[in-house]
Amino acid sequence: SQQGEEDPQALSIQEGENATMNCSYKTSINNLQWYRQNSGRGLVHLILIRSNEREKHSGRLRVTLDTSKKSSSLLITASRAADTASYFCATDARSNTGKLIFGQGTTLQVKP
Amino acid sequence: DTAVSQTPKYLVTQMGNDKSIKCEQNLGHDTMYWYKQDSKKFLKIMFSYNNKELIINETVPNRFSPKSPDKAHLNLHINSLELGDSAVYFCASSQDRGYQPQHFGDGTRLSIL
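Protein sequence lines, in the order shown, are assigned to chains A and B.
For the first sequence, my numbering puts the final residue at 115, and the numbers step up evenly by one.
For the second sequence, my numbering puts the final residue at 114, and the numbers step up evenly by one.
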């Protein structure tokens, strides 16, 4: 069954604004990962946050994880037109198989 | 150099045909995966191999058969193609099984006529 639910499904903002995407999941995890997918391309790994971490930064990206609420958020600051893409969260359960369960994604449009 | 490469990029074929998709990674990773992404962008794991050993085999029709000749290659063969098989198929790899970021190819768009 699908693990992640993402919110919102679509987001449209102006360049320079911040974009926040949320992800909720159902079962215990080892880590949660965020990926970006540009139109017609494969997924690109952005950031991995482990279950014992609460916040992680990478450049203009900030990810938080609340395991008590089984939720995560991805914040992109000072967005650029090039950030236009679909963003997916994926949970890695404690199975040590590499099985990722993806949310349905948030489509972000950044208008110049 | 492309890290994870899939061929072909596009595959258009008739219902009932058999087709294969090839994947190669030059990252030296031990684990490779096949995913299916449907028209609503929902991405689902199908198979995974670790050092040529099958470790994930999701509920997939047995018309789909993966083969890993070595740890750098993972191919997907599909028999008796059906309309519902139309999707984008992604290959991915990771350094080891579990708890690692995955590196994706650019996908193979399969269209069944």
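Yeah, the Cβ is synthetic: ideal placement off N, Cα and C, and Gly gets one too.
- Message: Let me make sure I understand the geometry here. Which of 101(A), 18(A), 27(A) has the alpha-carbon closest to that of residue 59(B)?
- Response: As a position in the second sequence, residue 59(B) is number 58, starting the count at 1. It is 101(A) whose Cα lies nearest to the Cα of residue 59(B).
- Could you please give me the residues that DSSP links to residue 90(B) through a beta bridge? For the purposes of this step, residue 90(B) is taken as residue 89 along the second sequence, with counting starting at 1. Answer is 37(B), 109(B).
- Message: Measuring straight from C-alpha to C-alpha, what distance separates residue 92(B) and residue 114(A)?
- Response: In the second sequence, counting from the first residue as 1, residue 92(B) sits at position 91. In the first sequence, counting from the first residue as 1, residue 114(A) sits at position 111. One C-alpha to the other measures close to 31 Å.
- Task: To the nearest angstrom, report how far apart residue 101(B) and residue 46(A) are at their CA atoms.
- Result: Reading the second sequence from its first residue, position 100 is the one you call residue 101(B). Reading the first sequence from its first residue, position 43 is the one you call residue 46(A). Straight-line Cα distance between these residues: approximately 14 Å.
- Message: Tell me the rounded alpha-carbon separation between residue 110(B) and residue 62(A).
- Response: As a position in the second sequence, residue 110(B) is number 109, starting the count at 1. As a position in the first sequence, residue 62(A) is number 59, starting the count at 1. Residue 62(A) has its alpha-carbon roughly 32 Å from the corresponding atom of residue 110(B).
- Reduced DSSP category for residue 4(A) - H, G, I as helix; E, B as strand; rest coil: Start at 1 with the first residue of the first sequence, and residue 4(A) comes out as number 1. In this predicted model, residue 4(A) has a pLDDT of only 43, less than 50, meaning its place in the structure is not dependable; the value taken from the coordinates is given anyway. In this structure, residue 4(A) counts as coil in the three-state DSSP scheme.
- Query: Do you know offhand how far residue 45(B)'s Cα is from residue 57(B)'s?
  - Reply: To locate residue 45(B), count along the second sequence from 1; it is residue 44. To locate residue 57(B), count along the second sequence from 1; it is residue 56. Residue 45(B) and residue 57(B) have their C-alpha atoms spaced approximately 12 Å apart.
- Query: Is any beta-carbon of chain A found at less than 8 Å from that of residue 34(B)?
  - Reply: If you number the second sequence from 1, residue 34(B) lands on position 33. So, interface residue.
- Message: Under DSSP, the beta strand (DSSP E) around residue 46(A) begins and ends at which residues?
- Response: Translated into positions along the first sequence, residue 46(A) becomes position 43. It spans 46-53 - the beta strand (DSSP E) in which residue 46(A) sits, taken as one unbroken run.
- Message: Just to make sure I have the definition right: I need the residues of chain A whose C-beta is within less than 8 Å of the C-beta of residue 56(B). Which are they?
- Response: Indexing the second sequence from 1 puts residue 56(B) at position 55. For residue 56(B), the residues of chain A that pass the 8 Å Cβ criterion are 100, 101, in the order they occur in the chain.
- Item | Interface flag, residue 45(A) vs chain B, CB-CB below 8 Å | For the purposes of this step, residue 45(A) is identified with residue 42 of the first sequence, where counting begins at 1. With a threshold of 8 Å between beta carbons, residue 45(A) makes contact with chain B.
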